[in-house]
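Participant: First to last, the protein sequences are chains B and F.
Quick note on numbering: the working numbering labels position 149 of the first sequence as 149, and the sequence is numbered without any gaps.
Quick note on numbering: the working numbering labels position 127 of the second sequence as 127, and the sequence is numbered without any gaps.
All C-beta atoms in this analysis are idealised placements derived from N, C-alpha and C, irrespective of residue type, glycine included.
There are 2 protein chains.
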Amino acid sequence: MKIVLRSPFDAHLHLRDGELLTRAAALASRQFAGAIAMPNLAPPLTTPEMCADYKSRVESLAAEPFAAFPALFLTDKTPLSPPDFNVFKPLAVKLYPAAATTNSENGVNIGAENLARFGDFFEMCAANGVALSIHGETNGAALEREAEFAPIYAALARAHPNLKVIMEHISTRVLADLLDRHANLYATITLHHLLYTIDDLIGGALKPHLFCKPVVKTAADRAALRELAFAAREKVMFGSDSAPHLRSAKEGSRCAAGIFSAPVLLPKLAELFAENAAISKLQKFVGDNARKIYDFRLPDREITLIDEPFTAPNEIAGIVPMCAEENIAFSIMK
Amino acid sequence: MKIVLRSPFDAHLHLRDGELLTRAAALASRQFAGAIAMPNLAPPLTTPEMCADYKSRVESLAAEPFAAFPALFLTDKTPLSPPDFNVFKPLAVKLYPAAATTNSENGVNIGAENLARFGDFFEMCAANGVALSIHGETNGAALEREAEFAPIYAALARAHPNLKVIMEHISTRVLADLLDRHANLYATITLHHLLYTIDDLIGGALKPHLFCKPVVKTAADRAALRELAFAAREKVMFGSDSAPHLRSAKEGSRCAAGIFSAPVLLPKLAELFAENAAISKLQKFVGDNARKIYDFRLPDREITLIDEPFTAPNEIAGIVPMCAEENIAFSIMK
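1. Tell me whether residue 217(B) sits in a helix, a strand or coil according to DSSP, three-state version.
2. Apart from the five residues just before and just after residue 176(F), which ones in its own chain have a Cβ nearer than 7 Å to its Cβ?
3. Rank 206(F), 180(F), 133(F), 259(F) by C-alpha distance to the C-alpha of residue 195(F) and give the top, closest one.
4. Which residues bound the alpha helix (DSSP H) around residue 22(F)?
5. If you measure from the beta carbon of residue 251(B) to each beta carbon in chain F, is any gap under 7 Å?
6. Could one say the Cβ of residue 215(F) lies closer than 7 Å to chain B's Cβ atoms, at least one of them?
7. By the 10 Å Cβ neighbour count, where 16 or more other Cβ atoms means buried, how is residue 333(F) classified, buried or exposed?
8. For chain F, check one thing: does any of its Cβ atoms lie closer than 7 Å to the Cβ of residue 209(B)?
9. Going along chain F in order, which residues have a C-beta closer than 9 Å to the C-beta of residue 224(B)?
10. Could you compute how far the alpha carbon of residue 311(B) sits from the alpha carbon of residue 134(F)?
11. Might you give, ordered along the chain, the residues of its own chain that have their beta carbon closer than 8 Å to the beta carbon of residue 83(B), omitting 5 neighbours on each side?
12. In the DSSP assignment, find the unbroken alpha helix (DSSP H) run with residue 158(B) in it and report its ends.
13. Report the residues of the segment 183 to 211 of chain B with a CB closer than 7 Å to any CB of chain F, ordered along the chain.
14. Shortest alpha-carbon distance to residue 9(B) belongs to which of 330(B), 244(B), 238(B)?
15. Return the CA-CA distance between residue 357(B) and residue 254(B), expressed in angstroms with no decimal places.
16. Residues bridged to residue 94(B) by DSSP?
17. Any C-beta of chain B within less than 7 Å: which residues of the segment 305 to 321 of chain F qualify?
18. Looking at C-beta atoms only, is the number of pairs between the segment 258 to 272 of chain B and the segment 322 to 331 of chain B that lie closer than 8 Å three or more?
19. Give the residues of chain F in contact with residue 42(B), contact being defined as C-beta atoms less than 8 Å apart.
20. For residue 20(F) and residue 37(F), which I take to be in contact (beta-carbon distance under 8 Å), what is that distance rounded to the nearest angstrom?
21. As a quick exercise: from 162(F), 129(F), 113(F), pick the residue whose alpha carbon is nearest that of residue 296(F).
22. Helix, strand or coil for residue 201(B)? Go by DSSP, reduced to three states.
23. In terms of alpha-carbon separation, which member of 230(B), 231(B), 242(B), 204(B) lies closest to residue 214(B)?
24. Please say whether residue 174(F) and residue 198(F) have beta carbons closer to each other than 7 Å?
25. Determine contact between the segment 180 to 193 of chain F and the segment 184 to 195 of chain B, defined as no fewer than three beta-carbon pairs at a distance below 8 Å.
26. To the nearest whole angstrom, what separates the beta carbons of residue 330(F) and residue 305(F), a pair I think is in contact under 8 Å?
27. Could you pull the start and end residues of the beta strand (DSSP E) that residue 35(B) belongs to?
28. Are the beta-carbon atoms belonging to residue 179(F) and residue 126(F) less than 7 Å from one another?
29. Using 10 angstroms around the beta-carbon of residue 1(B), count the other beta-carbons present and answer buried if the total reaches 16, otherwise exposed.
30. Can you give me, in chain order, the residues of the segment 250 to 283 of chain B that have a beta carbon less than 9 Å from any beta carbon in chain F?
31. Would you mind telling me which residues of chain F sit closer than 7 Å to residue 143(B), beta carbon to beta carbon, in chain order?
32. I'd like to know whether the C-beta atoms of residue 3(B) and residue 270(B) end up nearer to each other than 7 Å.
33. Closest to residue 358(B) by CA distance: which of 76(B), 300(B), 309(B) is it?
34. Can you round the beta-carbon distance between residue 69(F) and residue 91(F) to whole angstroms, since I take them to be within the 8 Å contact cut?
35. For residue 2(F), which of helix, strand or coil comes out of DSSP?
36. Helix, strand or coil: how does DSSP classify residue 327(F) here?
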């Protein structure tokens, strides 16, 4: 069986910077025609100029034609006057709650009063067709903090009906259920949240390479995500949240959050969708839906997957990928 | 402040074997006058002869007067005729559900039919004053598997009203609540389940050295355990479940379950009980309750704790202890 994907798109990708970027950009471009590049670098991409510079660096390092769309990092110090979208207009501004995840120390206090300060800014985004992308977790208990964010998503969607609000890497049934209640709410779903539950992380041996934020949840949560993905619901996009961390940062006494799924994304997605009789929905999930939600242009490419097994690498440049050494039923045709 | 503990007892301890045993026995004897030694060795202690041999080896390696009480490992192959208690009568037989934790591959199928096969055996234990100690987890979802075991505890307690059934290292409110419903149910509680929740394990960076089975649960669960411990309820005993694993087994791509709390047990217990205005209950929790539940004799010793800070070691013989490098408010007076 061959599956031909037209210009697949990753709506949530971490490419990092420096040496890692070289590797990550090349890797991403072999499977995708484009991606939204997350701006939580050190320092974060807080200005249109930084986004423009990052975009050109990513694209110059890509191995194949690839469009990078850096999101603009929102901080409590972001000028509330409009940034100069003539310099660079992002597809989305990214809101990280302060201290929720990797390099998010500069994020935004999510108290209602503080978010209200951004009201005009968000309206300006809406008027310019710029979406608001959110890592939706409170500082609450690890297994509850995403669900606790639901009222904040709902309040933002209500307050700004013309703003596209993207719930990133949703992991719970609560947010899956929220999707239909507000016309302007959208979601990305990762491959790892479709594959794993908390039992994979802590049920047998502890598996640091399956540790991410939001943490993988219960089987019921995963089922809700699978329902959305396998139907390729139009408000849902694939976003890998692939995040490279060196083995030394993942295997130690304190392990960083983040799963490096980039090397296996399309083969594993094809396997999963094929196993669940959803292969006909894959094109919408990994490309068409995002193209309708965001207004972007991608290099016109075809990526062909074939049902010949592929063994995931053990390590790439010191980073252990998801599914390391596992056999995957599909591979990318060269 | 000085706290003098008379013959403190650890009702659930892993001392392992070989080189590790040398270190573990010495360490345990510096803080406790005795302990129930768990029999999940390789091979497990499945006969009275093996228990007797292990007891004498532990005691000969102890640095201070110390009584070791190995539990007898129950397997599906355990002869259902009475073992020879003249050779060695354990305080408890230990039931591990098959495949629930470290070295439990030889455990017992916990289906009701299979447990019924042990009916006469359990009655014989009851008649001889031998308790039934249980690692109560099903093969269910990681966060539910202890609560799912509650009906099995209840059924065993009802079926054998003269048998003391010990719920080991309880971690959930469900089991805390079960304790009062059956006169012959008892429980051990670890220090780590009194200290930590799932948020400490996965809420920030992932912490493999806080990974154990049963996994630490929610704040509400911990509160229920603290209530029992700080009141030193008579059916509750301290059992550390301290389990040494080499750093290499805890820090890698697959991390073993088990927390090595042995080096810090009494100082950290004193600190915790003092902080919670429960210091007057510590003697009951770490000794007197167990002495009433089990019928044992211990070397008559006094261990004195003093409120002078102690820095927990970073590593002992390749093993990272709980609270490594943390300052603890109490230390053991030499």
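Facilitator: If we stick to the structure as given:
1. In the three-state reduction of the DSSP assignment, residue 217(B) falls in the coil class.
2. Answer for residue 176(F): 170, 224, 225, 228, listed in chain order.
3. Residue 195(F) has its Cα closest to that of 259(F), out of 206(F), 180(F), 133(F), 259(F).
4. Residue 22(F) -> alpha helix (DSSP H) spans 18 to 31.
5. Taking 7 Å as the CB threshold, residue 251(B) lines the interface with chain F.
6. By this cut-off, residue 215(F) is an interface position.
7. That one is exposed.
8. So, interface residue.
9. Going along chain F, no residue has its Cβ under 9 Å from residue 224(B), so there is no contact; the nearest lies around 16 Å.
10. Cα-Cα distance, rounded: 41 Å.
11. In chain order, 47, 48, 72 place their CB closer than 8 Å to the CB of residue 83(B), counting only its own chain and leaving out the 5 sequence neighbours on each side.
12. If you look at residue 158(B), you'll find it in the alpha helix (DSSP H) that goes 150 to 159.
13. Of all residues in the segment 183 to 211 of chain B, the ones placed with a Cβ closer than 7 Å to any Cβ belonging to chain F are 198, 199, 202, 203, 205, 206, 207, 208, 209, 211, in chain order.
14. Taking residue 9(B) as reference, the option from 330(B), 244(B), 238(B) with the minimal CA-CA separation is 238(B).
15. Because chain B here runs from 1 to 334, residue 357(B) falls outside it and cannot be looked at.
16. Beta-bridge analysis with DSSP links residue 94(B) to 73(B), 133(B).
17. Result list: 320.
18. Short answer: they touch.
19. Near residue 42(B) there are no residues of chain F at all, since even the closest Cβ is about 17 Å away, more than 8 Å.
20. Between residue 20(F) and residue 37(F) the beta-carbon gap is near 13 Å, outside 8 Å, which marks them as no contact.
21. When the alpha-carbon of residue 296(F) is set against those of 162(F), 129(F), 113(F), the nearest one is in 129(F).
22. Reduced to three states, the DSSP call for residue 201(B) is helix.
23. Minimum Cα distance to residue 214(B) is reached at 242(B).
24. Contact flag unset, no.
25. No, they do not touch.
26. Contact flag correct, Cβ pair sits at about 5 Å.
27. First-last of the beta strand (DSSP E) with residue 35(B): 34 to 37.
28. Contact: no.
29. Residue environment for residue 1(B): exposed (fewer than 16 other C-beta atoms within 10 angstroms of its C-beta).
30. Residues passing the 9 Å Cβ filter: 250, 251, 252, 253, 254, 255, 256, 257.
31. One finds 198 in chain F with Cβ atoms closer than 7 Å to the Cβ of residue 143(B), taken in chain order.
32. Their beta carbons are under 7 Å apart, which means residue 3(B) touches residue 270(B) by this criterion.
33. In the structure as shown, chain B starts at 1 and stops at 334, and residue 358(B) therefore has no counterpart that could be examined.
34. Yes, residue 69(F) and residue 91(F) are in contact; Cβ-Cβ is about 5 Å, under 8 Å.
35. Residue state, collapsed to three classes: strand.
36. Of the three classes helix, strand and coil, the one that applies to residue 327(F) here is strand, per DSSP.
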